[in-house]
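Per the numbering used here, the very first residue in the sequence shown carries number 1426; after that it's consecutive. Just so you know, even glycine gets a beta-carbon here, dropped at the ideal spot from N, CA and C. Fair warning: this is a prediction, and the values are worked out from it, not measured in the lab. The block underneath contains the structure these notes are about, expressed in C-alpha cells.
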Amino acid sequence: MYNAFFGFDENPFSLSPDPAFLYRSQQHEEALANLIYGVQSRKGFIVLTGEVGTGKTTMLECLRDYLDAQRIEFAFVFNSRLTPKQFFELVAYDLDLRCDRTSKTEVLIALNDLLLQQAHQGRTTVLIVDEAHNLDWEVLEEIRMLGNLENRRGKLIQIVLAGQPELDRKLDAPNLRQLKQRIVLRFSIEPFTEEQTTEYITSRLAKAGLPEQAVFTGDVLSEIHLRSQGIPRVINAMCDNLLLTAFAMETRIATVEMLDEVCLDMRLEWPGARRVRGRGRSTGEYEDVSTYTPGD
C-alpha cells in the first residue's frame, strides 16, 4: 500500500522468511555456516534454537536454497505436531518415495534404498524439522533411530532440528540421552543488539529500494529496539505499521508518537514500558499514562 509513496520496489518488512532479505549479522552467518558444514561433513544431528521470531525459519530457508543449488535430496517437516505414522508419511511424500506411504516398514525400506543410492553417488540426504520443540517423545525416538543409518563415510541422513529454547530442555531429558549424545553441532540465535537492530532495519530498507533512509530517526530506531527487545519478527511488524501510519498521515518521517500508537495497537509490552490507556489510533486520544513494570 505504501511502497510507491516511499519509493520501495517491494515491501521491506514482510513477515515471510525471505532469504533475499537476510540480514547477515555475524551470528546469522555463523548459524548458516554451521548448518551447511554439518550437512557437508555428514555430522548426523544438528540443532538450531532461538526465541520466537529470531529468524530460525529464515535460516532454514537459506539452507533449503543451498540444498536445492547443490541438488541434495531433503525432506522438510514444517508441522511438528505429528504422530509417528504421520511423520513417516510426510517424509515419504517430501522425498517422493515409491512405496505405500501409510506403512512404516515400506517407508523405511524405501528410505534406506534412497540413502544408499545417494551415498553411492557421493551425496547425502537431509531431514529438516522446524518447530521441533513440539515433537512428541515417540517421534523424537523415531528420528533418533533414523540417525543410526550410516556407512563408513559417515551418516547417511543429516538431521536438522530447529526450535525454541524448550527444545534444548527437552533434549536434556533422561529418556533422550541417547539422542543428545548424537548431536554434534548446536547453535543458538540471540536477539539483536541495538546496533544490529539499526543495521537490520537499514539493510531491509536498502534492499527494498531506499539506500539512504531518512524515515526512521535515531530516536525512533532506539525506541524500536527497546520495545521489540531485538526480536526481528516484532521489529518487522512495528516498522510495517509505522510506515503505514506515516503513509496515512502523508509524511515520510516516522515519529516516536506514531510508534506509541503502533505499540498500543499491537498491545506490546517491554521492560520499563509506559502503558498508555486510550482509544488508540481511531481518535488519537489518550486518557492516562502510568508507569508499567513487567508483572503488573
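Nearest-angstrom Cα separation, counted from residue j out to residue i
i     : j     : result
E1498 : T1508 : 23 Å
E1694 : G1478 : 16 Å
D1665 : Q1546 : 47 Å
T1623 : L1646 : 6 Å
T1550 : E1567 : 17 Å
Y1491 : G1432 : 31 Å
M1426 : L1669 : 8 Å
R1722 : D1690 : Within the shown structure, residues of the chain are numbered from 1426 to 1721, placing residue 1722 beyond reach of any answer.
Q1654 : Q1621 : 12 Å
F1430 : L1539 : 52 Å
G1705 : M1674 : Residue placement at G1705 cannot be trusted, given a pLDDT of 44 that sits under 50; what the coordinates show is reported in the next sentence. So the alpha carbons of these two residues sit roughly 15 Å apart.
T1618 : Y1625 : 10 Å
K1580 : L1560 : 22 Å
R1496 : V1464 : 13 Å
L1460 : F1672 : 40 Å
Local Cβ density within 10 Å of residue i, reported as buried at 16 or more and exposed below that
i     : result
Q1583 : buried
V1681 : exposed
L1604 : buried
G1697 : exposed
I1534 : exposed
T1527 : exposed
L1541 : exposed
M1484 : buried
A1587 : buried
R1652 : buried
G1634 : exposed
Y1448 : buried
D1555 : buried
E1455 : exposed
I1678 : exposed
E1486 : buried
Start-to-end residues for the beta strand (DSSP E) that takes in residue i
i     : result
Q1583 : I1582 to G1588
A1445 : From DSSP, A1445 is part of no beta strand (DSSP E); its letter is neither H nor E.
R1611 : I1608 to I1614
V1681 : Per DSSP, V1681 belongs to no beta strand (DSSP E); it is in the alpha helix (DSSP H), V1681 to M1691.
I1553 : T1550 to V1554
CB contact flag (residue i, residue j, <8 Å)
i     : j     : result
A1595 : H1558 : As written in the sequence, residue 1595 is Lys, which differs from the Ala given in the question. Cβ distance < 8 Å, so K1595 and H1558 count as in contact.
R1629 : F1446 : yes
A1662 : L1515 : no
L1684 : E1648 : yes
A1544 : N1576 : yes
Where the alpha helix (DSSP H) through residue i begins and ends
i     : result
F1430 : N1428 to F1431
V1659 : P1657 to A1673
L1646 : G1643 to S1653
G1478 : Where G1478 is concerned, there is no enclosing alpha helix (DSSP H), given that its DSSP letter is neither H nor E.
K1513 : Reading the sequence as shown, one finds Phe at residue 1513 and not Lys. Counting along the chain, the alpha helix (DSSP H) containing F1513 begins and ends at P1509 to D1519.
V1464 : Q1451 to Q1465
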